[in-house]
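Engineer:
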Amino acid sequence: MADNFDFLKKFDKKLYSIILDAQNLFCDGYFNQSAVNVRIFGEKLAQKILPNSAQSTFDDTLNCLKDRIKTQRDKELVEDLFFIKQQGNKAAHGETLSSLEALETIKRAFEASINYCYCKSGQEEINKLIFDTELLINNKKTKTIEQKLIDAKKDNKETLTIDKNKKLEKKKEIKEKIKQARKNLKQNINKPIKTKKRDNTLKKRILFIIFVIVSIFLLSKILFPF
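Under our numbering, the first residue of the sequence shown is numbered 353, with each subsequent residue one higher.
1) Let me know if N384 comes out buried or exposed under the rule of 16 or more other beta-carbons within 10 Å of its beta-carbon.
2) Quick check on the DSSP output: the alpha helix (DSSP H) that includes E428 runs from which residue to which?
3) Is E447 helix, strand or coil when you go by DSSP?
4) Drop a sphere of 10 angstroms on the beta-carbon of N356, count the other beta-carbons inside from all chains shown, and report buried for 16 or more, exposed for fewer.
5) Residues in its own chain within less than 7 Å of Y368 by CB, not counting five upstream and five downstream?
6) Cα separation between L377 and I514?
7) Quick one: Cα of V564 to Cα of I558, how far?
8) Could you give the DSSP three-state label for Y470: helix, strand or coil?
9) Suppose contacts are defined by Cβ-Cβ distances below 8 Å. Is A461 in contact with G394 by that definition?
10) Identify the continuous alpha helix (DSSP H) that holds Q475 and give its terminal residues.
11) Out of curiosity, what's the CA-to-CA distance linking F435 and I489?
12) Would you mind sorting L433 into buried or exposed? The rule is 16 or more other CB atoms within 10 Å of its CB.
13) According to DSSP, simplified to helix, strand and coil, what is R391?
14) Considering Cα atoms alone, identify which of A533, I401, Q439, F483 is closest to E463.
15) Quick check on this structure: which residue in K516, A443, N415, K366 has the alpha carbon closest to the alpha carbon of A387?
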């Protein structure tokens with residue numbers, strides 16, 4: 353599982369184990385206990401920087417480090433360790449720490465670890481590491497701006513593809529309708545046109561009457577010649 357302090361494992365597994373416990377306590381809502389563990393981490397880290405101070409108090413070790421400050425990096429390291437000690441002492445003496453205060457102690461431990469590991473290795477990539485709060489709380493890395501841009505472009509591309517497909521489907525549907533309309537029109541043109549027959553009923557009746565009259569007349573002549 354990814355962790356903000358993964359880089360520290362390569363340099364000191366014991367320190368990593370202490371800060372891992374502090375992070376777990378923080379995630380479980382035990383902010384005071386977390387800060388106390390971070391204080392233990394800070395003291396052990398200071399003793400690693402000054403190997404001969406193992407029997408000294410945390411205050412004495414920090415004062416020795418303060419006297420040896422030569423660079424801005426040294427100054428920041430000492431300031432982080434002083435902050436860790438101060439917050440740890442508050443938590444140990446029963447003063448309730450907020451989640452933000454406890455989180456800040458972990459962040460300071462992260463910065464102190466960066467300085468410690470860089471001084472030991474000189475690896476520039478360590479200086480580029482950034483504390484990820486979401487990774488601490490949700491075990492999920494926060495996306496970088498570059499990754500967000502890539503995802504945005506990907507989503508936009510997918511949206512454009514969907515829109516394009518919809519347009520193609522609509523265009524195809526319109527073409528089918530036009531094709532069917534042309535087919536129907538062609539069938540109607542080629543279909544024989546039925547003309548209405550003229551109504552000759554009256555004429556037929558007149559002719560029938562004339563026929564009957566003539567027939568009667570002829571029949572009468574035959575039957576009655578005189």
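All C-beta atoms, glycine included, are put in the ideal place defined by N, C-alpha and C.
Source: prediction; values computed, not measured.
Structural biologist: So, from the listed chains and residues:
1) N384 should be labelled buried.
2) Unbroken alpha helix (DSSP H) run through E428: 424-444.
3) Coil, per DSSP.
4) By the neighbour-count criterion, in which a residue is buried when 16 or more other Cβ atoms sit within 10 angstroms of its Cβ, N356 is buried.
5) Non-local C-beta neighbours of Y368 in its own chain, meaning closer than 7 Å and more than five positions away in sequence, comprise F357, L360, K361, ordered along the chain.
6) In this model, L377 and I514 are separated by some 46 Å (Cα to Cα).
7) Cα-Cα distance, rounded: 10 Å.
8) Helix, per DSSP.
9) In this structure, A461 sits near G394, with a CB-CB distance shorter than 8 Å.
10) Q475 -> no alpha helix (DSSP H), and no H or E assigned at all.
11) Roughly 22 Å separates the two Cα atoms.
12) Buried, by the Cβ-count rule.
13) Helix at R391.
14) Shortest Cα-Cα distance from E463 to any of A533, I401, Q439, F483 involves F483.
15) Among K516, A443, N415, K366, the Cα nearest to that of A387 belongs to A443.
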